[in-house]
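Peer 1: The sequence shown runs 1 to 409 under the UniProt record's numbering. The structure follows.
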Amino acid sequence: MDKVKRRVYALTFLLTLGSLLLVLLNSGRQREFFYIATYLSIIGLLLDHRNINLRRFSIAYPLLLIGVAKVIWYLIFELHHEGINFYSDHLSAGKKIILGSILVFYLEQFRRYLSVAMAKKGVLLATGASVLLATAYGFWQHYQGMGRVEMGINRATISAYIYSAISLTFIWSLYSLKNKSAYIIAAAMILLTYALILATGTRSVIGLYLIFIILMTLNHFKKIHIKSTVVMLALLAGIVALAYKPFISPKINQTLNEVTLYQKGNDKTSLGARFSMWAVGIHNGITAPLGQSMEQRQVVSQHYVEHNPLYASAMTYINVHMHNETIDTFSLQGIAGAIVLLFFYISLITHAARNNNTVLLFATIMLVMYGFTDVLLISAEAVTFFITLFGVSTLLVERQASVKPNTLG
1 MDKVKRRVYA LTFLLTLGSL LLVLLNSGRQ REFFYIATYL SIIGLLLDHR NINLRRFSIA
61 YPLLLIGVAK VIWYLIFELH HEGINFYSDH LSAGKKIILG SILVFYLEQF RRYLSVAMAK
121 KGVLLATGAS VLLATAYGFW QHYQGMGRVE MGINRATISA YIYSAISLTF IWSLYSLKNK
181 SAYIIAAAMI LLTYALILAT GTRSVIGLYL IFIILMTLNH FKKIHIKSTV VMLALLAGIV
241 ALAYKPFISP KINQTLNEVT LYQKGNDKTS LGARFSMWAV GIHNGITAPL GQSMEQRQVV
301 SQHYVEHNPL YASAMTYINV HMHNETIDTF SLQGIAGAIV LLFFYISLIT HAARNNNTVL
361 LFATIMLVMY GFTDVLLISA EAVTFFITLF GVSTLLVERQ ASVKPNTLG
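And the structure:
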């Protein structure tokens with residue numbers, strides 16, 4: 001029976017890696033791998049139920065809370081409504097998160113079935129293949145004349161969020177090999193992946209990706225030689241200089257122009273509409289602190305905009321989301337939903353920091369930062385990707401009491 005348990009766990013791990021590999025290439029097939037891995041994890045839990053330890057904290061618990069909160073909100077406020085709610089991804093996302101929490105719990109609970117070295121090797125191969133194939137696909141789209149590359153997902157922004165997170169994980173995996181050849185490949189991948197991120201045209205990722213890379217590098221290496229640092233900074237400065245005129249400068253000018261227009265009372269821009277949605281979303285949360293339906297949010301928002309026409313553009317996306325994870329949650333699920341979301345963020349970050357789980361730490365920080373201008377936890381691709389990444393990250397933590405510091409250079 002022990003051999004069966006180990007094989008079920010190994011197969012679940014492989015399917016989870018397959019889901020990571022396919023996320024930017026074929027989102028439909030990626031979700032199939034995710035669901036099969038989840039169902040296998042349920043079988044694994046049933047086979048190994050006597051060895052489950054519920055007292056030990058698991059990152060699956062805050063995940064489960066997020067999923068349950070979304071489903072409960074839907075059952076209370078949306079189940080009996082008809083006709084107006086065209087965007088029911090909250091329920092779908094809630095169910096995916098609940099299922100995903102089971103997968104994460106299983107991977108974390110029985111990680112003794114897989115060595116850290118084997119887990120790191122699997123993540124290196126899966127993320128490496130994913131990044132290389134997605135990068136080739138993205139550059140092909142760019143040279144075919146696509147304005148904003150999407151890879152295998154039909155939304156450039158979601159693609160950029162996922163691509164940046166999986167690229168950072170691959171670069172961390174290269175760092176973990178602890179040899180100069182891997183460091184050189186990592187440096188090349190940083191330049192290559194940032195070039196593709198520029199082609200997605202996603203401002204938040206363009207602005208934050210290199211910062212994440214620098215912070216992750218500083219977090220991973222306890223000592224960094226001056227020579228290596230100078231070379232890396234020179235390479236980064238070079239690609240920024242090359243990309244400044246065609247990619248970065250237009251985005252900066254666009255941002256400054258949109259802020260200026262908003263200050264003059266024109267919110268009919270990408271950033272201006274976001275400012276309006278945030279203001280309207282906060283008003284909704286204050287008006288309905290116990291939560292409300294999307295239909296009621298539309299009514300409250302319409303009334304508010306009539307008295308505050310500066311925020312008129314918010315109504316364009318009122319049946320979608322408020323372009324901010326916390327504000328969108330607050331506007332629908334009220335104070336309770338916002339507290340659950342903040343608990344989710346804080347618990348994952350603190351758990352990752354305490355356990356030196358670099359992948360989990362930066363994946364969560366990315367989720368938080370990108371959530372300032374978008375809503376990721378209702379995107380099917382983003383939800384399944386981050387859940388699988390959270391799950392495998394728990395297998396990458398050294399289980400020895402002490403680990404010798406790494407040195408770059």
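Each residue gets a CB set at the ideal place from its N, CA and C atoms; glycine is no exception.
1) Just to confirm my understanding: we take Val123, look at its own chain, exclude 5 residues before and 5 after, and list those with CB closer than 6 Å. What are they?
2) What would DSSP say about Asn26, mapped onto helix, strand or coil?
3) Taking only three categories from DSSP, how would you classify Ile84?
4) Which term fits Lys404, buried or exposed, when burial requires 16 or more other beta carbons within 10 angstroms of its beta carbon?
5) Quick check: the Cα distance between Gly334 and Gly281, rounded to an integer number of angstroms?
6) Could you round the C-beta distance between Ser41 and Ile102 to whole angstroms and report it? I think they count as a contact, below 8 Å.
7) What residue from Leu25, Glu398, Asp374 has the CA that sits closest to Ser204's CA?
8) Which same chain residues end up closer than 7 Å to Ile226 when comparing Cβ atoms and leaving out the 5 residues on each side of it in sequence?
9) Beta-carbon within less than 8 Å of Ile327's beta-carbon, same chain only, minus the 5 sequence neighbours each way: which residues are those?
10) Which residues in the same chain as Arg31 place their Cβ atom closer than 6 Å to its Cβ, once the five residues preceding and following it in sequence are excluded?
11) Please report the Cβ distance between Met151 and Phe170, rounded to the nearest whole angstrom; I am assuming they are in contact, meaning their Cβ atoms lie under 8 Å.
12) Straight-line CA distance for Arg7 to Ser301?
13) On a Cα-Cα basis, can you pick out the residue from Ala352, Leu332, Phe343 that is closest to His90?
14) Counting along the chain, where does the alpha helix (DSSP H) carrying Ile286 start and finish?
15) According to DSSP, is Phe57 part of a helix, a strand, or is it coil?
16) Count the other CB atoms within 10 Å of the CB of Tyr209; is the residue buried (16 or more) or exposed (fewer)?
17) Is it a yes or a no for the segment 352-367 touching the segment 302-312, going by three-plus beta-carbon pairs under 8 Å?
18) Going straight from the alpha carbon of Arg56 to that of Leu377, what length do you get?
19) Between which two residues does the alpha helix (DSSP H) holding Ser164 run?
20) Beta-carbon within less than 7 Å of Glu258's beta-carbon, same chain only, minus the 5 sequence neighbours each way: which residues are those?
21) With distance defined between alpha-carbon atoms, name the residue in Tyr74, Ala10, Gly28, Tyr39 nearest to Met294.
22) Does the pairing of the segment 58-67 with the segment 338-351 give three or more beta-carbon distances under 8 Å?
23) Would DSSP call Lys96 helix, strand or coil?
Peer 2: If we stick to the structure as given:
1) Around Val123: Ser173, Val392.
2) Of the three classes helix, strand and coil, the one that applies to Asn26 here is coil, per DSSP.
3) Reliability fails at Ile84, whose pLDDT of 45 lies under 50, so the model's placement of it is uncertain and the value that follows must be treated cautiously. Three-state result, Ile84: coil.
4) Here Lys404 scores only 45 on pLDDT, less than 50, and its place in the model should not be relied on; the value that follows carries that caveat. Exposed, since its Cβ has fewer than 16 Cβ neighbours within 10 Å.
5) Approximately 11 Å between the Cα atoms of the pair.
6) In this structure, Ser41 and Ile102 form a Cβ contact; the two beta carbons are roughly 6 Å apart against a cut-off of 8 Å.
7) Taking only the C-alpha atoms, the option nearest Ser204 is Asp374.
8) For Ile226, where only same-chain residues beyond five positions count, there are no Cβ hits under 7 Å.
9) Excluding positions up to five away in sequence, the list reads Met277, Trp278, Gly281, Ile282, Gly285.
10) Closer than 6 Å at Cβ, skipping near neighbours: Thr384.
11) The C-beta separation of Met151 from Phe170 comes to about 15 Å, leaving the pair out of contact by the 8 Å criterion.
12) Straight-line spacing of the CA atoms in Arg7 and Ser301 works out to 53 Å.
13) Of the candidates Ala352, Leu332, Phe343, the residue whose Cα lies closest to the Cα of His90 is Leu332.
14) Segment 270-287, the alpha helix (DSSP H) holding Ile286.
15) The DSSP-derived three-state label of Phe57 is coil.
16) Tyr209 should be labelled buried.
17) Output reads no: the segment 302-312 does not touch the segment 352-367.
18) Each residue's alpha carbon lies about 26 Å from the other.
19) Counting along the chain, the unbroken alpha helix (DSSP H) around Ser164 starts and ends at 156-175.
20) Sequence-distant partners of Glu258 (beyond 5 residues in either direction) whose C-beta falls short of 7 Å from its own C-beta, in its chain, are Thr269, Ser270, Leu271, Gly272.
21) The candidate whose alpha carbon is nearest that of Met294 is Tyr74.
22) Counting C-beta pairs closer than 8 Å gives three or more between the segment 58-67 and the segment 338-351, which meets the contact rule.
23) Lys96 carries a helical assignment under DSSP once its states are collapsed to helix, strand and coil.
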